[in-house]
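Mapping the sequence shown onto numbering that gives the first Met the number 0, position 119 (from 1) lands on 118, and the numbers just tick up by one.
Ideal Cβ positions, reconstructed from N, Cα and C, are used throughout, including at glycine.
Bear in mind the structure is a predicted one, so any value in this text is a computation, not a measurement.
First the structure, in the form of structure tokens, and then the observations on it.
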Amino acid sequence: MQTIRGQSKLQTPQFAAAQVRARDTVALPLGPGQPVSFLHALGLRDDFEDLQVFAALLIELYPLFTRKGVTLLSGFFGPAERILQQAGHNVHFVPAGFRQFSAIAERLCPRVMATAATPPDADGWMSLSLHAGATVAELQRCGRDPKRLLIVETNSKLPRTLGFGADHPHRLHVDEVDILLESDHSIFELPDPPTSDVDRAIAAQAKRFISDGATLQIGIGAIPNAIAELLSKEEGGDYGIHTEMFTNGLMRLQRAGKVTNRHTVYAGVSVATFAAGTRELYDWLDEQSAVRFLPVERINAPEIIARNPKMVSINGALAVDLWGQVAADTLGRRQYSGIGGHEDFVEGATLSVGGRSLICLPSTAEVQGRCASRIVTQFLPNTRVTTPRHLVDVVITEYGAAELRDRSERDRAAALIEIAHPDFRDALRQELREQHE
0 MQTIRGQSKL QTPQFAAAQV RARDTVALPL GPGQPVSFLH ALGLRDDFED
50 LQVFAALLIE LYPLFTRKGV TLLSGFFGPA ERILQQAGHN VHFVPAGFRQ
100 FSAIAERLCP RVMATAATPP DADGWMSLSL HAGATVAELQ RCGRDPKRLL
150 IVETNSKLPR TLGFGADHPH RLHVDEVDIL LESDHSIFEL PDPPTSDVDR
200 AIAAQAKRFI SDGATLQIGI GAIPNAIAEL LSKEEGGDYG IHTEMFTNGL
250 MRLQRAGKVT NRHTVYAGVS VATFAAGTRE LYDWLDEQSA VRFLPVERIN
300 APEIIARNPK MVSINGALAV DLWGQVAADT LGRRQYSGIG GHEDFVEGAT
350 LSVGGRSLIC LPSTAEVQGR CASRIVTQFL PNTRVTTPRH LVDVVITEYG
400 AAELRDRSER DRAAALIEIA HPDFRDALRQ ELREQHE
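Following this line, the structure appears as structure tokens:
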């Protein structure tokens, strides 16, 4: 732990920002783990010469990343990264799955680490709250290194969430910290998106692959929410939850009494590596012993995911080609989101005994004012593949489910065409014939 001579550990965000050098390296957790007040204080400075910041999924448009001399290296784009990059600021995508962020942080060994946490309890422990993710081990290493600086921003509005066992306590002690900040800013909230008839039709198709006793990974968005809502209301249950992100929908599923976690690797508890949702979710998670937070290298490891029987992963996509390749994070040249746990959960679910991996997407999208098929013969130029064809199991649209596993390329293409929008099926067949001539 670094000692700042003559100073109390409890300081202001402006003091903490002043400890960052004009040429420096900083790492932050993904999304809800970010120390908002500290980042805004950094944004008041304009004297940076070469500040490298490694982060992911910014939850605000921080002015810091508009400053000259500041580079954001992001492992996952959200709206803020897209806006900043399009405005010409120094924002770059780092191609890596969420699980790889831990190794990246270790190799980068940033001089400054900063995170959000709950205020200390009577024994000095601060819960890492909504984010375990990829930074826990590096935060601890930073706190032990006298040449590095560990900054923790506490906020009483954050829920005090729990880890799992002695190996994954999901907390830091005040003695590990160099600078402690107190904040009362509003916590980032993610409301439920509106659910359409298409979303509900896709959810009904997905439900056919989810049997009693299945272990679930459900992501973000209208379709995953519709699936969780359907599972909450219909017959069935005895589910487990092993998921990257804990959502409003998963809270409702658990509240409905549908989750027992009787068959999962982490028996008796739902596990996740971060959470984002409404205030209702955060209040429910506070001291919630039925949900535990573990580092991403545990949650997203395919070999651990596969140990859950009847594992069902539910992920989205922007487009799927007739080979079965999935584009989930880019639109042509444009970086839209990130790799996250997409490939890890697809692979882990298909290795599980009785497991299934579901890629769910609407059959069409509006592109420059025109209706375009999301099932395509080939992707737009410069689109990058998120998940390769040999891992993909089931692709679902509102028109049905294409089961691709163990099928030839010709049969896979035919199955995918059958779940495309009817207006595009003939053109897809013709384009496929032309490719084979």
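Span of the beta strand (DSSP E) around residue i
i: Asp282; result: Note, Asp282: premise wrong, no beta strand (DSSP E); alpha helix (DSSP H) at Arg278 to Leu284.
i: Asp152; result: Residue identity check: residue 152 is Glu in the sequence provided, not Asp. Looking at the DSSP string, the run of the beta strand (DSSP E) that includes Glu152 is Leu148 to Asn154.
i: Met370; result: Going by the sequence as given, residue 370 is Cys instead of Met. First-last of the beta strand (DSSP E) with Cys370: Arg369 to Ser372.
i: Ile178; result: Ile178 to Ser182
i: Ser312; result: Met310 to Gly315
i: Val393; result: Val393 to Thr396
i: Leu29; result: Arg22 to Leu29
Straight-line Cα distance separating residue j from residue i
i: Arg409; j: Gln377; result: 15 Å
i: Thr160; j: Asn247; result: 16 Å
i: Leu9; j: Pro145; result: 18 Å
i: Met112; j: Leu27; result: 6 Å
i: Thr263; j: Gly239; result: 6 Å
i: Trp322; j: Trp283; result: 43 Å
i: Gln324; j: Leu71; result: 29 Å
i: Thr114; j: Leu189; result: 20 Å
i: Leu38; j: Pro94; result: 24 Å
i: Arg147; j: Arg388; result: 43 Å
i: Arg207; j: Ser7; result: 59 Å
i: Gly339; j: Ala316; result: 12 Å
i: Asp285; j: Thr259; result: 19 Å
i: Ser407; j: Gly354; result: 21 Å
i: Pro437; j: Ile150; result: Residue 437 lies beyond the residue range present for the chain, which begins at 0 and ends at 436; the question has no answer from this structure.
i: Arg66; j: Phe14; result: 19 Å
i: Lys232; j: Asp198; result: 16 Å
i: Asn314; j: Leu138; result: 30 Å
i: Val48; j: Gln85; result: Inspection of the sequence shows that residue 48 is occupied by Glu rather than by Val. When rounded, the distance between both Cα atoms is 22 Å.
i: Arg143; j: Asp45; result: 30 Å
i: Ile219; j: Thr272; result: 14 Å
i: Ala131; j: Ser336; result: 20 Å
i: Glu234; j: Ile201; result: 18 Å
i: Val437; j: Phe100; result: For residue 437 there is no data in the structure shown, the boundaries of the chain being 0 and 436.
i: Arg20; j: Arg106; result: 20 Å
Span of the alpha helix (DSSP H), counted from its first residue to its last, around residue i
i: Ile222; result: Ala221 to Lys232
i: Asn247; result: Asn247 to Arg254
i: Ser101; result: Phe100 to Leu107
i: Val295; result: Val295 to Ile298
i: Ala79; result: Pro78 to Gln85
i: Glu433; result: Pro421 to His435
i: Gln139; result: Val135 to Arg143
i: Ile201; result: Asp196 to Lys206
i: Ala347; result: The sequence as given places Gly at residue 347; Ala does not occur at that position. Segment His341 to Leu350, the alpha helix (DSSP H) holding Gly347.
i: Ser36; result: Val35 to Leu41
i: Gln13; result: Pro12 to Ala17
i: Arg411; result: Glu408 to Glu417
Proximal residues to residue i (C-beta, below 7 Å), its chain only, five neighbours per side dropped
i: Leu56; result: Leu29, Gly30, Phe75 and Gly77
i: Gly123; result: His172, Val173 and Asp174
i: Arg170; result: Trp124, Met125, Ser126, Leu127 and Gly162
Residue j beta carbon less than 8 Å from that of residue i
i: Val270; j: Ile298; result: yes
i: Ala289; j: Leu280; result: no
i: Ile186; j: Asn224; result: no
i: Leu403; j: Val391; result: yes
i: Phe64; j: His88; result: yes
i: Pro158; j: Ser128; result: yes
i: Arg373; j: Ser356; result: no
i: Val268; j: Arg291; result: yes
i: Pro34; j: Leu180; result: yes
i: Ala40; j: Leu60; result: no
i: Ile358; j: Val311; result: no
i: Thr441; j: Pro109; result: Residue 441 lies beyond the range of the chain shown here (0 to 436); nothing can be said about it.
i: Ala327; j: Thr382; result: no
Residue i burial status per 10 Å Cβ neighbour count (16 or more: buried)
i: Asp343; result: buried
i: His241; result: buried
i: Ala43; result: The sequence given here has Leu at residue 43, not Ala. Exposed, by the Cβ-count rule.
i: Val366; result: exposed
i: Gln429; result: exposed
i: Cys141; result: buried
i: Ala419; result: buried
i: Glu433; result: exposed
i: Arg411; result: buried
i: His435; result: exposed
i: Pro193; result: exposed
i: Gly256; result: exposed
Any C-beta of chain D under 8 Å from that of residue i
i: Leu360; result: This model lacks chain D altogether, as it is built from one protein chain only.
Sequence-distant residues of the same chain with beta carbon closer than 8 Å to residue i, five excluded per side
i: Ser195; result: Ala221
i: Ile416; result: Leu321, Ile374, Arg424, Leu427, Arg428 and Leu431
i: Ser351; result: Thr214, Ile304, Ala305, Arg306, Asn307, Pro308, Lys309 and Met310
Nonlocal neighbours in the same chain, by C-beta distance under 6 Å from residue i, ignoring five residues either side
i: Gly347; result: Pro301, Ile304 and Ala305
i: Thr2; result: Note that Thr2 scores 47 on pLDDT, short of 50, meaning its location in the model is unreliable and no value can be drawn from it.
i: Ala413; result: none
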